[in-house]
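Q: Each residue of the sequence shown is one higher than the one before, starting from -7 at the first, in the numbering used here. From the three backbone atoms N, C-alpha and C, an ideal C-beta is built for every residue, glycine too. First the structure, then my questions, so here it is.
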Amino acid sequence: MSADVLVTKYAQSLFEATEANKTTATVAAELQQVVQIFTQADAVTFFSSPFNSLDTRLMVAKSALEGKCSPETFNFMITVVEKERVAFLAQINEAFQTLVRAQGGETEGTLVVASDISEGFKSQVEAKVSGVLNKKVKLKVEKDSSLLSGYKVMVGGWTLDDSAQFHLNKIKEDISKRGI
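This is the structure in structure tokens:
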């Protein structure tokens, strides 16, 4: 089974279980915190070491989580440890969070910029794109030094290009059409 299929199956199974129990929001928040702990270098080394038996790994996971999270999060994490899938935990969490956002009518995208931007500008672009797509859009910011100025927004298969290069190409195209 490929890693992508495995990640998708685990995320989908957790999502379906939490939806049935109406605990999706709680588990989403807990899983974010648990992933931060279980993906630290020491934890990754411990859970991936062949010198630690499965019983030892389970004991450590149970003692770390028992009584500190919901039963759904606890059971999910024990399954992940039992099936030796801790290495995929960050990817599973990302896929699960994407399902949660989609269920809430939210989607993710990327805002590509030439230099640092303010949080206010990011919020304005998110509002503009949300209005166009009729869904709540959350953008992560990436810098691309090849952009002279302006920005690009990519959400799913949709792209908004408001970069200087795009506008220069449009002007060049216009001039070529006019035969100047």
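1) Rounded to whole angstroms, what is the Cα-Cα separation between Phe66 and Gly123?
2) Kindly list the residues whose CB is nearer than 8 Å to the CB of Glu11, restricted to its own chain and excluding five residues on each side of it in sequence; keep chain order.
3) Sorted by chain position, which residues of the same chain lie with C-beta nearer than 7 Å to Met69's C-beta, five sequence neighbours on each side aside?
4) Assuming Val104 contacts Glu74 under a Cβ cut-off of 8 Å, what Cβ separation, rounded to an integer in Å, is found between them?
5) Give me the Cα-Cα distance between Ile84 and Asp166, rounded to the nearest whole angstrom.
6) Applying the criterion that 16 or more other CB atoms from any shown protein chain within 10 Å of the CB defines a buried residue, is Lys144 buried or exposed?
7) Determine the contact status of Ala119 and Leu140, defining contact as a CB-CB distance below 7 Å.
8) Please report the straight-line C-alpha distance between Phe30 and Leu81, rounded to a whole angstrom.
9) Return the chain-ordered list of same chain residues with a C-beta closer than 6 Å to the C-beta of Cys61, the five sequence neighbours on each side being excluded.
10) Quick one: give me the first and last residue of the beta strand (DSSP E) that Gly101 is part of.
11) What does DSSP give as the partner residue(s) for Asp47 in the beta ladder?
12) Does DSSP put Thr15 in a helix, a strand or coil?
13) Alpha carbon to alpha carbon, how far is His159 from Ala79? Give it in angstroms, no decimals.
14) Assign Glu8 to buried or exposed, taking buried as 16 or more other Cβ atoms, counted over all protein chains shown, within 10 Å of its Cβ.
15) Specify the secondary structure class of Asp136 as computed by DSSP and reduced to three states.
16) List the DSSP bridge partners of Tyr143.
A: Quick answer:
1) 38 Å
2) Gln95
3) Val26, Ala53, Leu57
4) Their Cβ separation, rounded to whole angstroms, is 41 Å, which puts Val104 and Glu74 out of contact at 8 Å.
5) 47 Å
6) buried
7) no
8) 8 Å
9) Glu22
10) 98 to 105
11) Its beta-bridge partners do not exist; DSSP assigns none.
12) coil
13) 44 Å
14) exposed
15) coil
16) Val105, Asp154
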